[in-house]
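Reading through the structure tokens given below for one structure.
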Amino acid sequence: MSTITTNDVRHLAQLSNLQLSDDEITNLQTDLANILDYINQLNELDTTGIEPTYQVTGLENVWRDDVVDTSTVARDELLALAPDQADNSIKVPRVLA
Amino acid sequence: MSIRDIVAQINAGQTTARALVEDALKKARDAEEYHALLSLTEERALARADEIDARIKAGEQVGVLAGVPFVVKDNFLAFGAPTTAASKILENFNAPVQATVVEKLEQAGAICIGKSNLDAFAHGGSTENSAFGVTHNAVDKTKVAGGSSGGSAVVTALDIVPFALGSDTGGSIRQPASFNGVFGMKPTYGMSSRYGVVAMASSTDVMGCFAKSADDIALIESVMAGQDPKDMTTLPDYFAPLAEAPADLKIGLVKEAMTDDVDPEVRRATEQYAEKLRAAGHTVDEVSLPSVKHSLAIYYIVVPAEVSSNLARYDGIRFGRRAEGVQTLGELYGRSRDEGFVTENKRRIMIGSYVLSSGFFDAYYQQAQKARTVLINEFNGLFDQYDLLLMPTAPTPAFGIGENTEDPVKMYLSDVMTVPMSLAGLPAISAPAGTSESGLPIGVQLVGPMKADALVIAPAGQMEEHNY
Numbered sequence: 034m035s036t037i038t039t040n041d042v043r044h045l046a047q048l049s050n051l052q053l054s055d056d057e058i059t060n061l062q063t064d065l066a067n068i069l070d071y072i073n074q075l076n077e078l079d080t081t082g083i084e085p086t087y088q089v090t091g092l093e094n095v096w097r098d099d100v101v102d103t104s105t106v107a108r109d110e111l112l113a114l115a116p117d118q119a120d121n122s123i124k125v126p127r128v129l130a
Numbered sequence: 096m097s098i099r100d101i102v103a104q105i106n107a108g109q110t111t112a113r114a115l116v117e118d119a120l121k122k123a124r125d126a127e128e129y130h131a132l133l134s135l136t137e138e139r140a141l142a143r144a145d146e147i148d149a150r151i152k153a154g155e156q157v158g159v160l161a162g163v164p165f166v167v168k169d170n171f172l173a174f175g176a177p178t179t180a181a182s183k184i185l186e187n188f189n190a191p192v193q194a195t196v197v198e199k200l201e202q203a204g205a206i207c208i209g210k211s212n213l214d215a216f217a218h219g220g221s222t223e224n225s226a227f228g229v230t231h232n233a234v235d236k237t238k239v240a241g242g243s244s245g246g247s248a249v250v251t252a253l254d255i256v257p258f259a260l261g262s263d264t265g266g267s268i269r270q271p272a273s274f275n276g277v278f279g280m281k282p283t284y285g286m287s288s289r290y291g292v293v294a295m296a297s298s299t300d301v302m303g304c305f306a307k308s309a310d311d312i313a314l315i316e317s318v319m320a321g322q323d324p325k326d327m328t329t330l331p332d333y334f335a336p337l338a339e340a341p342a343d344l345k346i347g348l349v350k351e352a353m354t355d356d357v358d359p360e361v362r363r364a365t366e367q368y369a370e371k372l373r374a375a376g377h378t379v380d381e382v383s384l385p386s387v388k389h390s391l392a393i394y395y396i397v398v399p400a401e402v403s404s405n406l407a408r409y410d411g412i413r414f415g416r417r418a419e420g421v422q423t424l425g426e427l428y429g430r431s432r433d434e435g436f437v438t439e440n441k442r443r444i445m446i447g448s449y450v451l452s453s454g455f456f457d458a459y460y461q462q463a464q465k466a467r468t469v470l471i472n473e474f475n476g477l478f479d480q481y482d483l484l485l486m487p488t489a490p491t492p493a494f495g496i497g498e499n500t501e502d503p504v505k506m507y508l509s510d511v512m513t514v515p516m517s518l519a520g521l522p523a524i525s526a527p528a529g530t531s532e533s534g535l536p537i538g539v540q541l542v543g544p545m546k547a548d549a550l551v552i553a554p555a556g557q558m559e560e561h562n563y
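In order, the protein sequences belong to chains L and G.
Add 33 to the 1-based position in the first sequence for my numbering, that's all there is to it.
Add 95 to the 1-based position in the second sequence for my numbering, that's all there is to it.
Structure follows, in structure tokens:
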């Protein structure tokens, strides 16, 4: 059984920008331990000398010309999607408590 | 009726796009108890139908899908209704653009009539993780629809529309296709554009479709395929449907997918499918793909890692739902995301954060990507000797609603047959292969090497003539 403490869950929640309730932390502690138990089976596999595959079709960087493309979404349309805006900007609460 | 026949009738003036769209909307309303659709795009659909009818009347060639209604999974950006990804955080998100594949289908004359239910952000195998309620199986309402594209599978099976779109990251088209008795196609990675579809795992996400025949699948995929400057991973269009299946195909039946862990009725249906392929003149041999047993562990490392990155954008600031009554920016992020995601989203994001965090990266993420290479090498070795592979689509027929929701790992196991192809980027079709004794549909997958999309579809079509 993987050991994952309540503090580990809180740390992961912080890394993930999730403000979880205490109930959620308890439940996720069990779920995450079970999932880690399952994926830990890969530790048994010997992969010495094997290169990792991150991308399956072998593409590398694909470049486009460095020109502004105005054919898709206008600035106004994008700003209008924000939940709170003023003066052509997106409003957010203060950064420091 | 085939999609080609529907289009021929419209072009010949025997029916109209408006009549077809009205009929589809009516069927959608009559089937509300299945909860397969999250929204209807009625106003826009009827306006488009009238426009297409007028163009046909004026003698214009509208396109190969002129007037054909369809449904999109609600993680495709499409006009006419919000794009929610079945999540609270995008509940009222009205997309400013449409997905490239939706645009292409519309240019060919198809008409989107609604948006289907899914597991929130496509995380799940049963459509029970939707923030807006569960979808019921088309054959047995006490069973799950499968997932994550459960709604699209059900609207196809119920004949509400001739085809529907889905996304497949680890089986999200193929598994619900098998659970509802329809065809579902996961193309080669990069065959069609991902632009404008809510990203889940960028290295395995592909866009595909559900339909009632292999021929319809080929037609829809041919419209969706091709390079898109807005998705750098798309491949130049290579997709050319085959008029018929080549003779004497060499097919490998994957023995690791036929173990005692697999439902005996599913194994029997797969063996019968193999017999029918043999009767049609093909060779079917048992082959071994040992890494099948590791695939699910690889998948549940690589995909959560990508999920944690892709879902970082939902922060309650630029778009989507923002938590109310927050004092600081940190609280805004944390609460908007906690309220906006379902539990399964949080599990995957946190597993992703775990496997990518310093100290664990090599042991999990790197190790999984190396194991992925081993799996791909095994596939390549088999495709040196075989044209196609055959295996069941899912280890069981559709399970009961609520049966697997308490245990995430048990739920993940329903993906065990579909994730290997996703990790390797290979094309695979799920085709109907009869039913269990209790009448639940069973599906099998035909799998090909990269870019052999047309080759996996053709024998699935040939088998349709064999009483399925």
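For glycine and all other residues, C-beta sits at the position ideal for the given N, C-alpha and C.
Proximity of residue 122(L) to chain G, defined by a Cβ-Cβ separation below 8 Å, is not satisfied. Taking 4 residues as the minimum length, the alpha helix (DSSP H) runs contained wholly in the region 82 to 128 of chain L are 108 to 113, in order along the chain.
A Cβ-Cβ distance of about 19 Å is found for the pair residue 280(G) and residue 101(G), leaving them out of contact under the 8 Å criterion.
With a cutoff of 8 Å on beta-carbon distance, residue 300(G) and residue 294(G) are scored as near each other. Inclusion of residue 539(G) and residue 365(G) in the CB contact set at 8 Å is warranted, their separation being smaller than that value.
For residue 473(G), same chain residues with a beta-carbon under 6 Å away, outside a window of 5 residues either side, are 384 and 386 in chain order. For residue 422(G), no alpha helix (DSSP H) segment is defined, and its DSSP state is neither H nor E. Look at residue 377(G) here: in three-state DSSP terms it is coil, with no helix or strand label. Residue-level contact by beta carbon holds for residue 97(L) and chain G, with a gap shorter than 8 Å. Look at residue 359(G) here: in three-state DSSP terms it is helix. The three-state reading of DSSP puts residue 273(G) in helix, counting H, G and I together. Here DSSP, grouped into helix, strand and coil, assigns residue 44(L) to helix. Contact annotation, residue 207(G) with residue 175(G): C-beta distance approximately 7 Å; criterion of less than 8 Å satisfied. Residue 255(G) is not a Cβ neighbour of residue 345(G), given a cutoff of 8 Å. Contact between the region 43 to 60 of chain L and the region 430 to 441 of chain G is present: 3 or more CB-CB pairs across the two stretches fall below 8 Å. Under the criterion of beta carbons closer than 8 Å, residue 536(G) and residue 219(G) do not qualify as touching, at roughly 19 Å. Going by C-alpha positions, residue 96(L) is about 37 Å away from residue 271(G). Three or more Cβ pairs closer than 8 Å define a contact, and the region 136 to 145 of chain G meets that threshold against the region 111 to 127 of chain G. Contacts with chain L at 8 Å (Cβ-Cβ) include residue 389(G).
The region 368 to 385 of chain G makes no contact with the region 494 to 510 of chain G: fewer than 3 CB pairs, one atom from each, lie closer than 8 Å.
Under the 8 Å Cβ criterion, the region 78 to 90 of chain L counts as touching the region 466 to 484 of chain G, having at least three qualifying pairs. Residue 245(G) sits close to residue 230(G), with the two beta carbons spaced by under 8 Å.
Beyond the five residues adjoining it in sequence on each side, residue 45(L) comes within less than 8 Å, by CB distance, of 65 in the same chain, given in chain order. Using beta-carbon distances, residue 280(G) does not count as an interface residue toward chain L, since no partner is under 8 Å. For residue 526(G), the beta-bridge partners assigned by DSSP are 539(G). Residues of the region 483 to 512 of chain G with a C-beta atom less than 7 Å from some C-beta of chain L are 503 and 504, listed in chain order.
Within chain L, the C-beta atoms nearer than 7 Å to that of residue 520(G) come from 89 and 90, in chain order. Ranked by Cα distance from residue 373(G), the options 485(G), 296(G) and 110(G) are led by 485(G).
Among the CB atoms of chain L, none fall inside 8 Å of the CB of residue 175(G). Within the region 296 to 329 of chain G, the residues whose Cβ lies closer than 9 Å to some Cβ of chain L are 298, 299, 324, 325, 327 and 328, listed in chain order. In chain order, 320 and 321 place their CB closer than 6 Å to the CB of residue 332(G), counting only its own chain and leaving out the 5 sequence neighbours on each side.
Residue state for residue 414(G) is assigned as coil, using DSSP reduced to three classes.
With three or more CB-CB distances shorter than 8 Å, the region 263 to 270 of chain G counts as touching the region 515 to 527 of chain G. Look at the region 420 to 435 of chain G: the residues with a C-beta under 8 Å from a C-beta of chain L are 421, 422, 423, 424, 425, 426, 427, 428, 429, 430, 432 and 433. Taking C-beta atoms under 8 Å as the contact rule, residue 303(G) and residue 263(G) qualify, at a distance of about 6 Å.
Beta-carbon to beta-carbon, residue 512(G) and residue 487(G) are separated by about 6 Å, close enough to satisfy the 8 Å threshold.
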